[in-house]
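In this note's numbering, the protein residues as written are 40 to 589.
Okay, so here's the structure we're looking at.
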């Protein structure tokens, strides 16, 4: 019988961990997940780490701390403090407006500015310089495969920054295989920015031109690659795989070189998907004027004509004033000069808009000949209220399509890949942020284990805060960060208990020694977190008093 049909050997085997996207909600929840795995001694068994978007914040910072020889508590305190005390949006705007150019492309885009903030505040090497991917690639780290996932927008496929002993694990992808020595020069902050470059929130970050290279020069080796034809726009890894599970499974298959066997004892998918339904809601109509677009066009033309007439009158009067009485700078400029410039600008802008609109009509008629002049005449009969509602509904549906419907479908496809594989049976753990939400039932399997307490109202409230935080890059309430971390700790503890019972049954005395030792620790921690969800957070941050949810 092949290895994939055998139950897991215990809880001491290799672990694969995938950290999903989801902004700072994901970063904080996954920090709690890592903290608990460290607390129960499982983090040393981590052999594959695959991260996406917000998960890449947490994963990249953790891996860098390993490369720098820091303890987990050092890593936790640094990252927790940075998440708590940094206004990333404010810092990014400051970078965007400082007038400095940090990348070869000389573009001053928000995503480039965000990368600069990450570099300054999160990803520094021991000499307090920019941490490079080489700091991880050259380090002796116990994790076999490290994968930071992004999506390239040329072909709509994965683009991975990864460390692996297997030569088949490309840095980049099949179409652009980045040489190892070049990859070592990539700034770690740029990788994190690329992985978390949310569509709609940011424009694509362009590889290699928008990356900050040593001496601000793109290494010539990149553009000399046979596979290099043009710069590659990169965006959020969640566009391709919001869970990071696809890359993890691929790394595990490479490790075995056998699609029918498994090497990992546990595959943990830590996921902050909010399980919201419906994905799209109908919105109320905008109350606006019923004035027709054609009438508005005539009003605009009237304003333009009035502007032109005003400019002519002011020009004539100003010139007459100059010849009769001379020109006094302060009063005459504001009486004649400024109003003249304002009037001529309004008239000119309306005329320019008319020219551009006629060009647009001409181009549309070429693309769609059925858009005749008669059709355009009928468009003029549409009211302002109708047009605003047409635009409003389309923008809303487009945003829901990209942020909810597509992401939900991608998640379903990836999760199906994991769950249809029989070799992963009783090895996979879905660490879902909403598992302890107030409306979710407590596991019947754990309810039968008399020593396991049911979730308290305090714990359910912490989980509810974690679930309901939006996918953004900031915390609007001071209690959100500790709630998310505590929810991550409690949720992975809950799911590990459930995993043990699913695999080994409910007869604790029959458990192997390593499993029984883990079970006892899980139950003890769980019961303490039921009483006080911040129990383990206090252990890592002694002396601090994190705010509690309202």
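For each residue, glycine too, the CB sits at the ideal point set by N, CA and C.
Beyond the five residues adjoining it in sequence on each side, residue 277 comes within less than 7 Å, by CB distance, of 60, 91, 92, 446 in the same chain, given in chain order. Non-local beta-carbon contacts of residue 103 in its own chain, meaning distances under 6 Å to residues more than five positions away in sequence, involve 170 in chain order. A straight-line Cα-Cα distance of about 22 Å links residue 68 and residue 238. Approximately 15 Å separates the beta-carbon atoms of residue 511 and residue 522; this is outside 8 Å, ruling out the contact.
The DSSP assignment places 519 to 543 as complete runs of the alpha helix (DSSP H) inside the segment 508 to 544, in order along the chain (cut-off: 4 residues).
89 is the residue among 561, 89, 79 whose C-alpha sits nearest the C-alpha of residue 291. Annotation: the segment 242 to 287 contains the following complete segments of the alpha helix (DSSP H) (minimum length 4 residues), in chain order: 259 to 262, 277 to 280. Distance from the CA of residue 326 to the CA of residue 421, rounded to the nearest whole angstrom, comes to 15 Å.
For residue 469, the three-state secondary structure derived from DSSP is strand.
Residue pairing by DSSP places residue 190 opposite 197, 274 in a beta bridge.
Counting of Cβ neighbours within 10 angstroms places residue 172 among the buried residues, the total reaching 16 or more. Counting along the chain, the unbroken alpha helix (DSSP H) around residue 334 starts and ends at 332 to 364. In this structure, residue 251 sits away from residue 189, with a CB-CB distance that is not shorter than 8 Å. The C-alpha of residue 115 lies about 33 Å from the C-alpha of residue 484.
The three-state secondary structure of residue 568, taken from DSSP, is helix. In this structure, DSSP gives residue 211 an extended state, which the three-state scheme calls strand. Here residue 86 carries a strand assignment [DSSP, helix/strand/coil]. The segment 50 to 58 and the segment 145 to 161 do not touch, with fewer than 3 CB-CB distances between them shorter than 8 Å. For residue 57, the uninterrupted beta strand (DSSP E) segment begins and ends at 54 to 58. Here the segment 173 to 187 lies against the segment 200 to 210, with 3 or more beta-carbon pairs under 8 Å apart. Contact check for residue 243 and residue 273: beta-carbon distance about 6 Å, within the 8 Å limit, so the pair qualifies.
Where residue 310 is concerned, the enclosing beta strand (DSSP E) starts and stops at 305 to 310.
Leaving aside the five residues that flank residue 343 on each side, the residues in its chain whose CB is nearer than 6 Å to its CB run, in chain order, 386, 389.
Counting the other Cβ atoms within 10 Å of the Cβ of residue 191 gives 16 or more, which makes it buried. The alpha-carbon separation between residue 161 and residue 228 amounts to approximately 8 Å.
DSSP places residue 476 in the coil class of the three-state scheme, outside both helix and strand. For residue 78, the closest C-alpha among the options 578, 584, 588, 587 is that of 578. With contacts defined by Cβ atoms closer than 8 Å, residue 379 and residue 353 form a contacting pair. A direct Cα-Cα distance of roughly 13 Å separates residue 133 from residue 154. Contact annotation, residue 566 with residue 474: C-beta distance approximately 17 Å; criterion of less than 8 Å not satisfied. In terms of CA proximity to residue 282, 308 leads the group 259, 293, 139, 308. Residue environment for residue 330: exposed (fewer than 16 other C-beta atoms within 10 angstroms of its C-beta). Secondary structure note for residue 492: it is in no alpha helix (DSSP H), with a DSSP letter that is neither H nor E. With at least 16 other beta carbons inside 10 angstroms of its own, residue 289 counts as buried.
With respect to the C-alpha of residue 175, the residue from 230, 207, 126 having the closest C-alpha is 230. In terms of Cβ geometry, residue 72 and residue 531 form a close pair [threshold 8 Å].
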